[in-house]
Structure formats: structure tokens, C-alpha cells
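Note that the protein sequences, when read in sequence, are chains S and A.
Here our numbering is used: the first residue of the first sequence is 1, the next is one more, and so on.
Here our numbering is used: the first residue of the second sequence is 1001, the next is one more, and so on.
Every residue gets a Cβ at the ideal spot worked out from N, C-alpha and C, and that includes glycine.
Since the model is a prediction, treat every value here as computed from it, not as a measurement.
These notes are about the structure you will find just below.
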Amino acid sequence: MTQSAPGRVNAPSGVGAGSSPRGRAVRFTVLLVLAALFLLPMYVLAVTGFKPFSEATAARAWLLPREWSLEGWSTAWSALAPGLWNSVRMAVPSAVISAVLGSMNGYVLARWRFPGADTVFTLFLFGMFIPYQAVMIPLQQMLVNGGLMGGLFPLILAHTVYGIPICTLIFRNYYASIPGSLIEAARVDGAGLLRTYAHVVLPVSAPAFAVTLIWQFTSAWNDFLFAVFLTGPNSWPVTVQLNNVAGSMVVPYNQQMAAAVLASLPTLLIYLVLGRYFMRGLMAGALKG
Amino acid sequence: MSASTDSGAAAHGGPGHPKRPVTGPRARPGRFRRAATRARTWLPGLLLVSPSILLIGVFVYGMIGWNTQLALSDKHAPIQDGSFVGLTNFVQLWQEARWPAAVTNAVVFTVVFVGGALFLGWLLGLLLDKGIRGEAVFRTLFLAPMAVSFIATGVVWRWLMNPAPAERATGLNALFVHLNLDFLVNDWWTAPDLGMAAMALPAVWQLAGYVMALFLAGFRGVPEELREAARVDGCSEWGVYWRVVMPQLRPVTLSAVIILGHMSLKVFDLIIAVAGQQIVADVPAVYMWAMVFEVRDPAKGATIASYLLLAVAVFVIPYLVWTVRKERSEGR
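Now the structure itself:
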């Protein structure tokens, strides 16, 4: 558990010093209260989904279901299935392509620098922070003009391109931390850029690929903005469909909550199983300064 | 540069890199030969990055340029050629009732969200810093909302923050009634003046864990010798935190503010999921969406988008330049 627990950082600091048993008990109690508050929405999500239609009422809102039912889940599943499939088909390719591009960029920017590399890197990084609204109208226009609207291509393109900055950042930091002697040795032996990359750098890149793939998959999966601007009803990913299901007042709560859980399960499972890598992607977003 | 990859190395005394990373083979003799070979060594690197440079150039900077051009034009319908009108759109926006209201909403949201997530995240980090039973479970729980989309968060919180009055209350209001805490029953995000503060609650819930992780890494990156020295000097445990640990965490705090702030100014998904397009919760990003899909006014949509970009750029650009320069000067 500790090994793969997300948010794993260095060992606790100052253990023992100044933490009396009473202080410890107080801290533990406060943490339990906060944990309960954090769990409230999750409780609602989990419990409401299992209520039959007749129990999804205000009066029984906070109670456990009298009768556990799968009705909400099956209805939500049939409403969301096409969206889930669209999300998979769009998030996987864009994660893979931007990770590969990020790896090449990160390698060059960390280890094979060219004049102006810092400027290029800074310009890339700014791309990570821009509000995507600032590119949306022209992007939409360009895709329409080019006859590229329709299907998932616009979404794959957008997530790939706007994923390049963070992927480059993660790989650059990763490559800067591997020992330079390996690369130097290869260069002394006369290996060129691509050979060094393929034979020396790529074989040790698995952790950084895990981080970027997970990060990119999660952000593409959870995106809503690009999806509403760049896709039509047939290619809506799951976030748009979830919003449509939940946004219509006629859909009962049990189905809404079940739909929200279904739409979140893939990324939540990735977080729980591969939390360590998820965490590193998160931290990479915060330039340390 | 990433907090995670570096903090580990720093705390363990650094198995890092004693030398500067290689910037090109340092051919020892011969100044001229060096100049010639140097270009040959860096050129392949530039070529390898060039597809990305092209993509970023076109899709980030090209599109921003095009958007700016639209914002400076009078193209107020999709099929219409616009001509240059200067800053007219930028000025006119402020003369509408909807725009200043949307800006105010975004500012209230940002203050509550950034302040709330920072405080809660800092508190969680502080509580966990000393190590406690079940730390991994707590961390996993507090961070979990980060893995979920704003839409899913919004769906749950719209239910939780249902503004129906006590007699037919649902969500948190129903819970308050249930617990005889009727005075807590409120209008949540539909309240005209402080509604956006309630709207920020789901965002705090979603990102406090992230801030916690940043601070926890920061706390534990402070060398124990520093804390010990302060204790020897007679500092209480609180004094150690305030005088020794917190000042070391200014960069982490700055990062957190920048990240949360830039998310907050362009908030869109969460508002749509909780409030749809109800005007009481209007923000610039939702306004822009309406301009594109309902009013179909490209110039006005682009103007709003430009304001969003400006709002983010004024604090992100100095931050980025400062970070990259600092990193360079530290020789990494």
C-alpha cells in the first residue's frame, strides 16, 4: 500500500520531536473529521446509484437504500456507453502521440541543447497555461475550413498538440535527472542523436512514459471544453454525455449519480492502481521555482 | 524542476548530477573546428524538436494571433468579412450589464477557491507532516477528487447544493434539517451576492488534496538540521513552522497560487455542470461559449477570450521567465 500510495513523498520529518501523544490524538481526530467531509460527496455518489427509482427522493436522500437495485446503473450504462467508447478512442491515441513527441523534445531540451533552447522551452511552457478559449474560435474555424470537423479527429488533434508542453516538461525533468555519463559514453563512441536516443535513453524512459501517458489520458478523459467546441453528437465523449444526462431535469437522481460514477471510474481506477505515477504528473505541473 | 523528482534527491543528499548537463560535446582544442562541429552537433536536436515547434507555433501562437485579429475586427456574424476596428470590442464589452457581472463572479470565485484550497491544503499537509497512522489512506482519500472530471464533481455538488427550502430540501440542506441545524440551510450558488463563494466549494474539494501534496513535499524537503537548529535556539514547535519551515515554502505557495489561479479564471466545466447557463453564476468562459454557439458573434467571443488570455498572461509570463532563469542560474 505504502509503495504505490499516491502522494508518496519523503519520510515524515521530525518524527517524535514535539509530537506528544495528545497532539497526535488531536491531529488524528481533526483528520478523521476532514476525511468524513471529503467522503460526503463520494458517499452520495456510491449510495444513490444503488437506489431504485422509487427511493431516489429527497426524503431518503441521505439514507442507505432499503432495497439495493442495479436499475440506475443499467440505465446509466446504456446512456453513456457510446460516450465511454468515444472517450477511449480519443484519449488513448492522443496520450500516446503526445508522450512520444514529449519524449523526443524532453531529450533534446535536457541533453542535446541547441542555441535558443531555453526560449523554445519557455514558449512551450506558456502553451501549458493558456486558457484554451483563446485558441478555440480560430481552431474551430480552421477545422471547418479544412473539412476536418466531424468524428474524433479534432479532439485527438487538440489533446495531442496542447498536451505537448506538459509532456515535454515531464520528460525534460526526467532526462535531466538520469546520469549524464551514459549518454556521454555513447557520444564519445560516436553515436549520433537518434542512436543515443534509441539505445541509451529510450530503454530507461519507462517511468516517464507511465507518468505522461497517465496524465494525458486523464486530462483528455476529463476534458469538457474541447469536447463541446470540437465534436458533434455522434462523437461526444463521456463528459459531454454525462452533462447531458445530468443536465436534463427529468433524469432521476439514481441514474445521474450512477452515470457520474461510470464516467469517473476509469480515471479513478488508474489513480488508485498507479497513483505514484499519477502523482508525479501532478507535481510536474507545478514548476518548482 | 519538478517538485517530485527533485525533492527526493534533495532530501537524500542528492544522488543527482555533480556536473552540468552536457550541452554539446566540449571539443577541447581548436576554436574554429569547435565552432563548425558545434552546429553539426546541435542541428539534429533542433530537427527532432521541429515538428513540435511547428505544432506549438501554429496551434498556440498562430491561433492566439488569429484570435487577437478577430477580437480587433467587426466580424459580428460567422459569414461576414471583418475589418479592423481597433479596441472597440474591448471597450464596448464593459458597457454591457452581463460582462462586469461575469467578471465579478469570476473574481469572487477565484478568491474563495484559491484561498480555500490553499488554506485547506496547507492544513492537511501540516496535519500529515509529522507522520500519523494511516497516512497513506488519508493522502489517497484527499487526493482522489483530482482524478475526477469537473463535470462529475459538478453533478454531485449540484445535488448537494440544491437550494430548495427546508420543507422540501435535498442534499446538504436536507442533511442540515435532519441534524436540526436548520439555520445552516441556505441558497448555495443561487444566492445573488455570495453565490459564487458556494460555487467555489466543489473546486476547493477537488483541489485541496493537490495543494496538500505540494505542501507535504515542501515540508519534507526542509532539512531536519534547520528545524533542529531552531529548536536548539529555543523555538517552540509552532515557532519552527512559522519561522523556519514556512519561509522555505514560498516557492511552493507561489506555484500553487499560479496553478489554482489560472484554472480559476477560466473556470467553465464546473459552472456548466452545476448551474448550466443561469445568469446568476455567469462567468467569462460561459459568456464566451454563448457568444460562439448562441449569439454567433465571433468578434465578441474572441474579445472575451482575449481578456481571459490577458488575465492569465499577466501573472504566468513573469512566473515562467523567472522559473526558467532561476533554473538556468542554478546550473541545472
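Legend entry - Contacts that residue 247 of chain S makes with chain A (C-beta to C-beta distance below 7 angstroms): In chain order: 1276.
Inset, instruction - Check residue 1084 of chain A in the structure and name its three-state DSSP category. - result: In the structure shown, residue 1084 of chain A sits in a strand (DSSP, three-state: E or B).
Legend entry - Three-state secondary structure assigned by DSSP to residue 1073 of chain A: Per DSSP, reduced to three states, the secondary structure at residue 1073 of chain A is strand.
Inset, instruction - Just confirm the distance between the C-beta atoms of residue 1222 of chain A and residue 1252 of chain A, as a whole number of angstroms; I'd bet it's less than 8 angstroms. - result: With a Cβ gap of about 10 angstroms, residue 1222 of chain A and residue 1252 of chain A do not count as contacting.
Inset, instruction - Mind listing the chain S neighbours of residue 1033 of chain A? Cutoff is C-beta to C-beta under 7 angstroms, in chain order. - result: Within 7 angstroms of the CB of residue 1033 of chain A, no CB atom of chain S is found; the nearest one sits about 16 angstroms away.
Inset, instruction - Identify, in the order they occur along the chain, each residue of the same chain with its Cβ nearer than 7 angstroms to the Cβ of residue 1291 of chain A, setting aside the five sequence neighbours on each side. - result: Within the same chain, residue 1291 of chain A has close Cβ partners 1297, 1300, 1301 and 1304.
Legend entry - the stretch 1200 to 1218 of chain A touching the stretch 1168 to 1178 of chain A, judged by at least three CB pairs closer than 8 angstroms: Touching, no.
Inset, instruction - Taking residue 1150 of chain A as the reference, give the member of A:1079, A:1273, A:1114 and A:1289 with the closest Cα. - result: Distances from the CA of residue 1150 of chain A to each of A:1079, A:1273, A:1114 and A:1289 were compared; the closest alpha carbon is that of A:1273.
Inset, instruction - Spell out whether any CB of chain A is found under 9 angstroms from the CB atom of residue 83 of chain S. - result: Closer than 9 angstroms to the CB of residue 83 of chain S there is not a single CB belonging to chain A.
Inset, instruction - With a threshold of 16 other CB atoms inside 10 Å of the CB of residue 273 of chain S, please say whether the residue is buried or exposed. - result: Residue burial is scored here from C-beta neighbours: residue 273 of chain S has fewer than 16 other C-beta atoms within 10 angstroms and is therefore classed as exposed.
Legend entry - Cβ of residue 270 of chain S within 9 angstroms of any chain A Cβ: Any Cβ of chain A closer than 9 angstroms to the Cβ of residue 270 of chain S would place that residue at the interface, and such an atom is present.
Legend entry - Buried versus exposed, by CB contacts within 10 Å (16 or more), residue 1097 of chain A: Residue 1097 of chain A comes out exposed.
Inset, instruction - Put residue 1268 of chain A into one of helix, strand or coil per three-state DSSP. - result: Of the three classes helix, strand and coil, the one that applies to residue 1268 of chain A here is coil, per DSSP.
Inset, instruction - Please name the residues in the stretch 150 to 174 of chain S whose beta-carbon is closer than 9 angstroms to at least one beta-carbon of chain A, in chain order. - result: Listed in sequence order: 157, 158, 160, 161, 162, 164, 165, 168, 169, 170, 172, 173 and 174.
Inset, instruction - Could you check the C-alpha separation between residue 99 of chain S and residue 159 of chain S for me, to the nearest Å? - result: Residue 99 of chain S and residue 159 of chain S: Cα-Cα distance of roughly 11 angstroms.
Inset, instruction - Anything in the stretch 229 to 247 of chain S with a Cβ closer than 9 angstroms to a Cβ of chain A? List those residues in chain order, please. - result: Taking 9 angstroms as the Cβ-Cβ cut-off, the stretch 229 to 247 of chain S approaches chain A at 229, 238, 239, 240, 242, 243, 245, 246 and 247, given in chain order.
Inset, instruction - Leaving aside the five residues before and after residue 263 of chain S along the sequence, list all residues of the same chain whose C-beta is less than 7 angstroms from its C-beta, in chain order. - result: Around residue 263 of chain S: 80, 238, 239 and 242.
Legend entry - Range covered by the alpha helix (DSSP H) that runs through residue 277 of chain S: Run containing residue 277 of chain S: 275 to 284, per the alpha helix (DSSP H) assignment.
Inset, instruction - With 9 angstroms as the limit, tell me which residues of the stretch 1201 to 1215 of chain A have their beta carbon closer than that to any beta carbon of chain S; keep them in chain order. - result: Listed by position along the chain: 1202, 1205, 1208, 1209, 1210, 1212, 1213 and 1214.
Inset, instruction - Tell me, to the nearest whole angstrom, how far the beta carbon of residue 1264 of chain A is from that of residue 1114 of chain A; I am working on the premise that it is less than 8 angstroms. - result: Taking a contact as a CB-CB distance under 8 angstroms, the pair residue 1264 of chain A and residue 1114 of chain A counts as one, their CB atoms being some 6 angstroms apart.
Legend entry - Best match in S:247, S:248, S:165 and S:154 for proximity to residue 229 of chain S [C-alpha to C-alpha]: Considering only alpha carbons, the answer is S:154.
Inset, instruction - Write down the C-beta distance between residue 46 of chain S and residue 254 of chain S rounded to the nearest angstrom, noting that I regard them as a contact closer than 8 angstroms. - result: 12 angstroms between Cβ atoms; not a contact.
Inset, instruction - With a cut-off of 8 angstroms on the beta carbons, I'd call residue 1280 of chain A and residue 1195 of chain A a contact; round off their distance for me. - result: The distance from the Cβ of residue 1280 of chain A to that of residue 1195 of chain A is about 6 angstroms, consistent with a contact at the 8 angstroms cut-off.
Legend entry - DSSP state of residue 122 of chain S mapped onto helix, strand, coil: Correct three-state label for residue 122 of chain S: helix.
Inset, instruction - For residue 27 of chain S, decide whether its Cβ has a neighbour in chain A, counting only Cβ atoms nearer than 9 angstroms. - result: At a cut-off of 9 angstroms, the C-beta of residue 27 of chain S has a neighbouring C-beta in chain A.
Inset, instruction - Please state if the CB of residue 284 of chain S and the CB of residue 211 of chain S are separated by a distance shorter than 9 angstroms. - result: Yes, they are a contact pair.
Inset, instruction - Check the C-beta distance from residue 171 of chain S over to residue 103 of chain S and give it rounded, since I have them as a contact under 8 angstroms. - result: With a contact defined as Cβ atoms closer than 8 angstroms, residue 171 of chain S and residue 103 of chain S qualify at about 5 angstroms.
Legend entry - Listed by chain order, chain A residues near residue 105 of chain S by CB distance under 7 angstroms: By Cβ distance, chain A contributes 1049 and 1052.
Legend entry - First through last residue of the alpha helix (DSSP H) which encompasses residue 1129 of chain A: Residue range 1098 to 1129 is occupied by the alpha helix (DSSP H) that includes residue 1129 of chain A.
Legend entry - Beta carbon of residue 277 of chain S nearer than 9 angstroms to that of residue 179 of chain S: For residue 277 of chain S and residue 179 of chain S, no; Cβs fall outside 9 angstroms.
Legend entry - residue 1262 of chain A, buried or exposed, once every other Cβ within 10 Å from all chains shown has been counted against 16: It is buried - the Cβ of residue 1262 of chain A has at least 16 other Cβ atoms within 10 Å.
Legend entry - 8 angstroms contact criterion, which residue 192 of chain S and residue 162 of chain S should meet: CB distance rounded: Actually they do not touch by this definition, with Cβ atoms about 31 angstroms apart.
Legend entry - From A:1062, A:1155 and A:1242, residue whose alpha carbon lies closest to that of residue 1126 of chain A: The candidate whose alpha carbon is nearest that of residue 1126 of chain A is A:1242.
Legend entry - Cβ-Cβ distance between residue 1148 of chain A and residue 267 of chain S below 9 angstroms: Yes; because the gap between Cβ atoms is below 9 angstroms, this pair is in contact.
Legend entry - residue 215 of chain S - containing alpha helix (DSSP H), residue span: According to the DSSP assignment, residue 215 of chain S belongs to the alpha helix (DSSP H) that extends over 206 to 222.
Inset, instruction - Given a cut-off of 9 angstroms, decide if residue 120 of chain S and residue 1049 of chain A are closer than it, judged by their beta-carbon atoms. - result: Result yes, Cβ atoms of residue 1049 of chain A and residue 120 of chain S sit closer than 9 angstroms.
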